[in-house]
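Colleague: Residue numbers (our numbering), protein chains in the order written: chain A, 1049 to 1478; chain B, 1049 to 1478.
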């Protein structure tokens, strides 16, 4: 059932696993206290990379699209978490309006994700219907799924104060679209209903750098609790704000930041005796994961002829754009011959499951979130995110997955910090 | 995986299953609203009987002892529910003191139950230790489990205001002893810690008649929601208060109540065209389930020679005692040749699993909670308490188990009503 893990388990990660397992009651208590102060995102998924010497989140998705990769065994857990989430937000709810990502409705995998979400929230006791975020849709349409089932998507119906469908007035509107193209007017000024996640969680307003800044804060607190170096769970980062991709000097900031970050990583590697060539990842600060991501091992690569043209995808093909430079965390997990990275899925504060994203054509230092990726849900099946105290670190899949669940929750907590800091409606006490 | 069900599925139960499935969103919402007003017991298990024509709880245990019968698959669900429960009661908790039933510590099955409880609450992130409710225990002792593992039980340490163990000060004290012998002094006047369930949930103060009175209220509300006859889920009952078992006229009240109840059942059977001989069950009103339970089909049986002597066990061998007379609900579920009844396990408001109690030597009209009973945990394995909408009633195990989960939760809600009504510290507004 459990995929073979060939993680290079040398030194630090075993210590980390050991420390995390020993500290389980302290860790769970710490999370409970954090959740008293901070509101977890309604749902989320976190991509994690296990480098053997460090373990870090590389992407936190607040509009997760991989619930179809969970095994049916994980369904009861997801349903129970959904019940707990709904109960806190809108206990009197009858109806949930789910708003999918319009441009993904042609993708089979995405339809399976939608179906799974509909299933989870229906089994949690809600009437769930899908609303199309596209003015051009004026009638209900039926989408065919690979398993022979169907989903109906209906046109949204906006009144002055509420959003719904024909004969369907929801208490909660659950967005599964990342709003990277901006916030549609139809979603604005909804003050009577719960819109989840909030609009400022969309990629038109979110910044990766802000998330990782919050994560750094969380990682420091957590590392203090466990008496360890936060670097073991934190990917260092730096950012450049707006970069002009058309001019050679436009990349000056990127170049100097790449150089500085590589130096910092080299120092850390030396401290831990890690025999790896450091690399950094340059990516758009304001876009969903994977898009036009670039691996750099030396700042000089940025001056190579044609470099800027080849990598304009980072800014989405635009002449300018904000970029983040992040410490590259190689992934040493493999399934057979393919490079693998774990993805942890959460609803409310609970880890409800996870899966491996694998990609046979990608290297250990590249993004696996790219066409050609496949998914293996077996890894996190059943009770594997529950640790087995007493087993040696590094040898027990359940213990490994507990550790992934902790890192996933740290990233989720960082997203909670981030959303508080960026909330346009937050009350400020000074 | 799923045991063969040979329930006599004629008429009403299929309609009930259908009605319950169709009404799932309304039912879940109704429970959510009830839990806003009422506090669920910390944990509970409910014995259910499926007569084909009606489905009813027959016993609600607030100190459940069957967690060892859950499959490992159900563990994540139990852990998540335990996390939710602890979070509400004592989020800053580090330590949980579990107080087992002293006279069951020689039973292997009970030790396995304790081990499972320790596992659940440890995995929820608490330091769990066991405290012995017996003054004679002055040192820690080690108990050997059938699987080769061990549990340590320590003497309780009481200070003026708190209860704990040596070097162990818990936030919450979880009782797994039903206190049928009365409330020990060591548990009295603990106002700084959470004592769960509260003392008045113990059998020295609890009355079955009070529970079923609360259940009747719950069943009526629920039946109104679904537009159905509450009798389909409610076992009728009546009670006699103190009965003098030594005198023939001591049973006068029992005799007339048995007669009246049998008449009421006969009327209901006629209404639904049920071709069954009615029976009632006479049992102690203030004791744990099963003990000295007696099946009666005719009030005349009470006058048979030697009857009172044979059934003095009802009052625990005492000359007098309180009794409850309850409509007998036959169980038509079978595993192979043995009579079976489902048991639903809950933590906080969540169904975390269930199992079948089976007994090869007992009839469909007898208590299965007796020596010789065995347990089949397979039935409720995995996601089987999640319904599959669209499947025909009566043919789908998951749908059947969803229905059991609903009835289990109704009985748990009744226990919440009951504990509120009997709370000696309740504030009364008049």
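Built from N, CA and C at the ideal position, the CB exists for glycine as well. All values reported here derive from a predicted model rather than from experimental measurement.
Against chain A, with Cβ distances strictly below 8 Å, would residue 1136/B count as a contact?
Modeller: Output row for residue 1136/B: interface = no.
Colleague: Can you give the beta carbon distance from residue 1096/A to residue 1400/A, rounded, assuming they're within the 8 Å contact cut?
Modeller: Not quite, the Cβ-Cβ distance comes to about 15 Å (not below 8 Å), so this is no contact.
Colleague: Between which two residues does the beta strand (DSSP E) carrying residue 1146/A extend?
Modeller: Counting along the chain, the beta strand (DSSP E) containing residue 1146/A begins and ends at 1143 to 1147.
Colleague: Under 9 Å between beta-carbons, which chain B residues line up against residue 1081/A? List them in chain order, please.
Modeller: 1139, 1140, listed in chain order.
Colleague: How about residue 1133/B and residue 1465/B: do their beta carbons lie closer than 8 Å?
Modeller: No, they are not a contact pair.
Colleague: By the criterion of Cβ-Cβ separation under 9 Å, what are the contact partners of residue 1398/B in chain A?
Modeller: Near residue 1398/B (Cβ distances below 9 Å), the residues of chain A are 1128, 1131, 1132.
Colleague: Strictly under 8 Å for the Cβ-Cβ distance: is residue 1467/B near chain A by that measure?
Modeller: No, because no Cβ of chain A sits closer than 8 Å to the Cβ of residue 1467/B.
Colleague: Of the choices 1239/A, 1291/A, 1316/A, 1422/A, whose alpha-carbon is the least far from that of residue 1359/A?
Modeller: Cα-wise, what sits closest to residue 1359/A is 1291/A.
Colleague: When the Cα atoms are used, what is the spatial distance from residue 1141/B to residue 1174/B?
Modeller: Approximately 7 Å between the Cα atoms of the pair.
Colleague: With which residues is residue 1176/A paired in a DSSP beta bridge?
Modeller: Paired residues: 1144/A.
Colleague: Of the choices 1266/A, 1212/A, 1250/A, whose alpha-carbon is the least far from that of residue 1241/A?
Modeller: Looking at the Cα atoms, 1212/A is the closest of the given residues.
Colleague: Looking at the secondary structure, which residues open and close the alpha helix (DSSP H) in which residue 1137/B lies?
Modeller: Counting along the chain, the alpha helix (DSSP H) containing residue 1137/B begins and ends at 1123 to 1137.
Colleague: Using C-beta distances below 6 Å, list every residue in its chain close to residue 1327/A, excluding the 5 sequence neighbours before and after it, in chain order.
Modeller: Only 1343, 1345, 1376, 1413 meet the Cβ criterion.
Colleague: What first and last residue would you give for the beta strand (DSSP E) that runs through residue 1098/A?
Modeller: Segment 1091 to 1098, the beta strand (DSSP E) holding residue 1098/A.
Colleague: Name the two residues that bound the continuous alpha helix (DSSP H) containing residue 1317/B.
Modeller: Per DSSP, residue 1317/B belongs to the alpha helix (DSSP H) from 1300 to 1320.
Colleague: Please list the segments of the alpha helix (DSSP H) lying wholly inside the segment 1062 to 1086 of chain B, counting only runs of 4 or more residues, in order along the chain.
Modeller: Counting whole runs of 4 or more residues, the segment 1062 to 1086 of chain B contains the alpha helix (DSSP H) stretches 1072 to 1085.
Colleague: With H, G and I counted as helix, E and B as strand and the rest as coil, what does DSSP make of residue 1218/B?
Modeller: It is coil, neither helix nor strand.
Colleague: What is the DSSP secondary structure of residue 1430/A, reduced to helix, strand or coil?
Modeller: With a pLDDT of 44 at residue 1430/A, under the threshold of 50, the modelled position of this residue cannot be trusted; read the value that follows with caution. Residue 1430/A falls in the coil class under three-state DSSP.
Colleague: Please identify, using Cβ separations under 9 Å, the residues of the segment 1105 to 1127 of chain B that lie next to chain A, in order along the chain.
Modeller: From the segment 1105 to 1127 of chain B, only 1120, 1121, 1122, 1123, 1124, 1125, 1127 have a Cβ closer than 9 Å to chain A.
Colleague: Touch check for the segment 1121 to 1133 of chain B and the segment 1159 to 1171 of chain B: three-plus C-beta pairs under 8 Å?
Modeller: Cβ pair count under 8 Å is three or more, so yes.
Colleague: Flag this pair as yes or no: are the beta carbons of residue 1467/A and residue 1249/A separated by less than 8 Å?
Modeller: Yes; because the gap between Cβ atoms is below 8 Å, this pair is in contact.
Colleague: Would you check if there are 3 or more beta carbon pairs closer than 8 Å linking the segment 1084 to 1100 of chain B to the segment 1303 to 1310 of chain B?
Modeller: Taking 8 Å as the limit for Cβ pairs, the verdict is that the segment 1303 to 1310 of chain B does not touch the segment 1084 to 1100 of chain B.
Colleague: Do the segment 1210 to 1229 of chain B and the segment 1144 to 1151 of chain B meet, that is, are 3 or more Cβ pairs less than 8 Å apart?
Modeller: Yes, they touch.
Colleague: Three-state secondary structure (DSSP) at residue 1207/A?
Modeller: Of the three classes helix, strand and coil, the one that applies to residue 1207/A here is coil, per DSSP.
Colleague: Roughly how many angstroms separate the alpha carbons of residue 1398/B and residue 1329/B, rounded to a whole number?
Modeller: Roughly 30 Å separates the two Cα atoms.
Colleague: Rounded to whole angstroms, how far is the Cβ of residue 1387/B from the Cβ of residue 1410/B, which I believe are closer than 8 Å?
Modeller: Confirmed, Cβ separation roughly 6 Å.
Colleague: Listed from N- to C-terminal order along the chain, which residues in the segment 1372 to 1400 of chain A have their beta-carbon within a distance smaller than 7 Å of any beta-carbon of chain B?
Modeller: Listed by position, the residues of the segment 1372 to 1400 of chain A near chain B (Cβ gap below 7 Å) are 1398.
Colleague: Between which two residues does the alpha helix (DSSP H) holding residue 1160/A run?
Modeller: Element bounds for residue 1160/A: 1156 to 1171.
Colleague: Please identify the residue among 1136/B, 1196/B, 1103/B, 1373/B whose C-alpha is closest to the C-alpha of residue 1159/B.
Modeller: Here the closest residue by C-alpha is 1196/B.
Colleague: Please state if the CB of residue 1273/A and the CB of residue 1074/A are separated by a distance shorter than 8 Å.
Modeller: Closer than 8 Å, so yes.
Colleague: Among 1470/A, 1271/A, 1229/A, 1373/A, which has the Cα closest to the Cα of residue 1300/A?
Modeller: Of the listed residues, the one whose Cα sits closest to residue 1300/A is 1373/A.
Colleague: For a cutoff of 8 Å on Cβ pairs, would you count residue 1349/A as touching chain B?
Modeller: Chain B contact via Cβ: absent.
Colleague: Going by DSSP in three states, residue 1118/A sits in which element: helix, strand or coil?
Modeller: Correct three-state label for residue 1118/A: coil.
Colleague: Considering just the uninterrupted stretch of the alpha helix (DSSP H) at residue 1263/B, what are its terminal residues?
Modeller: 1256 to 1274 is the span of the alpha helix (DSSP H), which, as asked, contains residue 1263/B.
Colleague: Assign residue 1457/A to one of two classes, buried (16 or more other C-beta atoms within 10 Å of its C-beta) or exposed (fewer than that).
Modeller: Buried, since its Cβ has 16 or more Cβ neighbours within 10 Å.
Colleague: Which residues, in order along the segment 1160 to 1194 of chain A, keep a beta-carbon less than 8 Å from a beta-carbon of chain B?
Modeller: The residues in question are 1170, 1171, 1172, 1173, 1174, 1175.
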